[in-house]
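Q: Residue numbers (UniProt numbering), protein chains in the order written: chain A, 1 to 413; chain B, 1 to 344. We put the CB at the ideal spot given by N, CA and C, even for glycine.
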């Protein structure tokens, strides 16, 4: 009697673009959900919605072979099937995630989604205030992770000990009329002190930077980590997943495609024209008119502003940002767990262009960035090449602004 | 008990498996519209996010008196199936509701430290009454998931409004008590030291203080906890909401866990509507298993809402006492709601 009522949720990540992007890959990403199926989880289709490159049009559950595969998994509670050779299908809830800024507009829904992840054993929530209430709230959810709260700078260090992934949404959001760069003065200082603490307490962790302007805060983080002697460029990520999510949504809407099938790589940076969706590389392959390219590109670039205006002073994107960030966290956890087929777009230290930081698709492993997907920048259309040339000066300036900011001040010892 | 539980689990997963096969081969998942009334609020926002992530939803209408255009714009960027529309202000309520299969109502004000859910009555009763009047007009066949407190009264209010409009279907009105179940499971798992994903605990009665009656004697996996532990767990489950109100120190009540629980229950309703077998959840519904007109217990959800209301099952002595004590309070709350609804 009674099933139900536990929901661990796998947000899913982007499609694997390797040569094995065939049926065999799908059980892996769905495999992560196996514990979910047996614990009567909800939202089991979400993984497919987020990521899996299904050719089947008719069902969001994916190809028939995978549907049958999943149903056989449903019948066998905790057994490994070994269909995916190197990635085991029953990841344990074993990773520690810290959210710095957990009581904020992004932090709260993000904390909820991470609390629902089957991969997380411990969730550390840090903020300067109000985080006790958020933690008490979330701690009641019947999912495996333990929630611990930390308030104020005196507890920042403890919040980071032993953590595998640190997500940083801390800072202030835009108001109508502001650019992400207008946030620089406040957020730069916040990011600097938080990253100093990361360097001191969990230097091996993956760092997911959400605080805007990401184009500058990631270089700020890099400088801080360098000064502390712990910089690992493979582990510092500017979260650009929301740009990808938006691109996927807008393209699917424009072209009347099944959303779960659509994937658009987005490169460059995370502000205005530095956001460059590579529509020519959309999967599945679609053709766009020139007006469509222009419209979609501009819409994707300004989508954040679209939300800031719609919220009329009440904030910027929080819920969609939480979703995108959670998806990126989950991809990182799968990579940490040994999944060899995790790809996401992210703003990272890069040699794909002459700029020191650049967003592109990256392959993730348990070491962080395993490879940059350089083919993304080959075979660009004329429009994309022009846009790439146009974004570089702005991105360069933002990067330098961040670097200068840190180099001007002594890093706290 | 254990063997029948196991059988049910296996049949549950077998039917789920066959549904997966059926679901695929027969084509698309049904179109389902869900409306969230109070979508810009503390519960409404994370709840809207979770409903947007649910692949069973094809249309998601977000309604509130203000703020919904922003929430809708935000959530609409997420690359999942459902189409989002935001509606703000009473003159848009009808559009928000038209064609809805499930209406979730988190609208209203939350508790502050020191308040009981009943203290919210005056404000929230009025809100619920007008929302339900609109539901009766625009989507009388929808499943209504009532979150607005005090649920013990707002569900009877809704029933009265629907009766007056001639649209009342007792199989389609639910007080959402899922968070009590979620809390009972979490607290039990901690005390019994068992994995929380394996725990099942029914919670019956109502949704406030001592009217919340977790039946730990029926909890699985069995743990043979001593009496003091059961008492402590019972009290903690009953006061779980207050625990969060105090921790938030004036900043609100449970929002994230309530969104989580609300999304779980709405999902169960959608599965029931779609013909998934053996969908069972606890909920506060019209009921004849006690002398009270409304009572929470396990119910089976189907294509028309409540398929079956399950009885309480065997109770321990402690639980029998708990049941006796809760009845007068729950009765009073129900009557308060009915009286309010009939007043104006």
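#1: Give, in chain order, every residue of the stretch 306-321 of chain A whose Cβ lies closer than 7 Å to some Cβ of chain B.
#2: State yes or no: is the C-beta of residue 335 (chain A) within less than 9 Å of the C-beta of residue 365 (chain A)?
#3: Would you check if the distance between the CB atom of residue 110 (chain B) and the CB atom of residue 253 (chain B) is smaller than 9 Å?
#4: Can you tell me which of the three DSSP states residue 378 (chain A) falls into?
#5: Assign residue 342 (chain B) to buried or exposed, taking buried as 16 or more other Cβ atoms, counted over all protein chains shown, within 10 Å of its Cβ.
#6: Roughly how many angstroms separate the alpha carbons of residue 334 (chain B) and residue 153 (chain B), rounded to a whole number?
#7: Given residue 32 (chain B), which residues of its chain have a CB within under 8 Å of its CB, disregarding the five upstream and five downstream residues?
#8: Can you name, in chain order, every residue of its own chain whose Cβ lies under 6 Å from the Cβ of residue 85 (chain B), other than the five neighbours on each side?
#9: Identify the residues that DSSP records as bridge partners of residue 281 (chain B): which are they?
#10: Report the option in A:223, A:252, A:182, A:194 whose CA atom is closest to the CA atom of residue 272 (chain A).
#11: Give me the Cα-Cα distance between residue 113 (chain A) and residue 322 (chain A), rounded to the nearest whole angstrom.
#12: With DSSP collapsed to three states, give me the class of residue 353 (chain A).
#13: Residue 293 (chain B) to residue 318 (chain A), Cα distance in whole Å?
#14: For residue 148 (chain A), which residues in chain B fall below 8 Å Cβ to Cβ?
#15: Under a three-way DSSP split, which group does residue 326 (chain B) fall into?
#16: Output the residue ranges of the alpha helix (DSSP H) runs that lie fully inside the stretch 231-276 of chain B and measure 4 residues or longer, sorted by chain position.
#17: Using 10 angstroms around the beta-carbon of residue 287 (chain A), count the other beta-carbons present and answer buried if the total reaches 16, otherwise exposed.
#18: Jot down the residue ranges of each uninterrupted alpha helix (DSSP H) in the stretch 145-222 of chain A, minimum 4 residues, whole runs only, in chain order.
#19: Can you pull the chain A neighbours of residue 131 (chain B), defined as C-beta to C-beta under 8 Å?
#20: As a quick exercise: from B:224, B:232, B:80, B:281, pick the residue whose alpha carbon is nearest that of residue 324 (chain A).
#21: Would you please verify whether the beta carbon of residue 79 (chain B) is less than 9 Å from any beta carbon of chain A?
#22: Closest to residue 155 (chain A) by C-alpha separation, out of A:257, A:276, A:201, A:279, would be which residue?
#23: Within the 9 Å Cβ cut-off, does residue 282 (chain A) reach chain B?
#24: Does residue 53 (chain B) get closer than 9 Å to chain A when you measure Cβ to Cβ?
#25: In this structure, does DSSP put residue 288 (chain B) in helix, strand or coil?
#26: Please compile the residues from chain B whose C-beta is within a distance smaller than 7 Å of the C-beta of residue 136 (chain A).
#27: Is there a Cβ from chain A that is less than 9 Å from the Cβ of residue 324 (chain B)?
#28: Going along the chain, which residues of the stretch 309-336 of chain B sit with their C-beta nearer than 9 Å to a C-beta in chain A?
#29: For residue 267 (chain A), which three-state DSSP category applies?
#30: At a CB-CB cut-off below 9 Å, which residues of chain B make contact with residue 245 (chain A)?
#31: Leaving aside the five residues before and after residue 304 (chain B) along the sequence, list all residues of the same chain whose C-beta is less than 6 Å from its C-beta, in chain order.
#32: Which residue spans inside the UniProt domain "Lactate/malate dehydrogenase N-terminal" (33-175) of chain B form an unbroken beta strand (DSSP E) run of at least 3?
#33: Which two residues bound the contiguous beta strand (DSSP E) that contains residue 434 (chain A)?
#34: If you follow the alpha helix (DSSP H) that residue 133 (chain A) is in, where does it begin and where does it stop?
#35: Answer with yes or no whether the minimum CB distance from residue 197 (chain B) to chain A is below 9 Å.
#36: Could you tell me which chain A residues have their CB closer than 7 Å to the CB of residue 285 (chain B), listed as they occur along the chain?
A: Taking the definition as stated:
#1: 306, 307, 310, 311, 312, 314, 317, 318, 319, 320
#2: yes
#3: Yes; because the gap between Cβ atoms is below 9 Å, this pair is in contact.
#4: coil
#5: exposed
#6: 5 Å
#7: 56, 57, 58, 59, 101, 102, 270, 273, 274
#8: 61
#9: B:299
#10: A:182
#11: 8 Å
#12: coil
#13: 42 Å
#14: The contacting residues do not exist; residue 148 (chain A) stays about 13 Å from chain B at best.
#15: helix
#16: 240-247, 256-273
#17: Burial state of residue 287 (chain A) is exposed, judged by a 10 Å Cβ sphere holding fewer than 16 other Cβ atoms.
#18: 153-160, 184-201
#19: In chain order: nothing, as chain A lies at least about 23 Å away.
#20: B:80
#21: Under the 9 Å criterion on CB atoms, residue 79 (chain B) is classed as interfacial with respect to chain A.
#22: A:201
#23: With a threshold of 9 Å between beta carbons, residue 282 (chain A) makes no contact with chain B.
#24: Chain A contact via Cβ: present.
#25: coil
#26: 243, 244, 247
#27: Taking 9 Å as the threshold, the shortest C-beta distance from residue 324 (chain B) to chain A does not fall below it.
#28: 310, 313
#29: In the three-state scheme derived from DSSP, where H, G and I count as helix and E and B as strand, residue 267 (chain A) is classed as strand.
#30: 77, 78, 79
#31: 171
#32: 33-37, 59-64, 83-88, 102-105, 143-146, 173-175
#33: With chain A covering only 1 through 413, there is no way to say anything about residue 434 (chain A).
#34: 131-139
#35: By this cut-off, residue 197 (chain B) is an interface position.
#36: Chain A residues near residue 285 (chain B): none, gap ~15 Å exceeds 7 Å.
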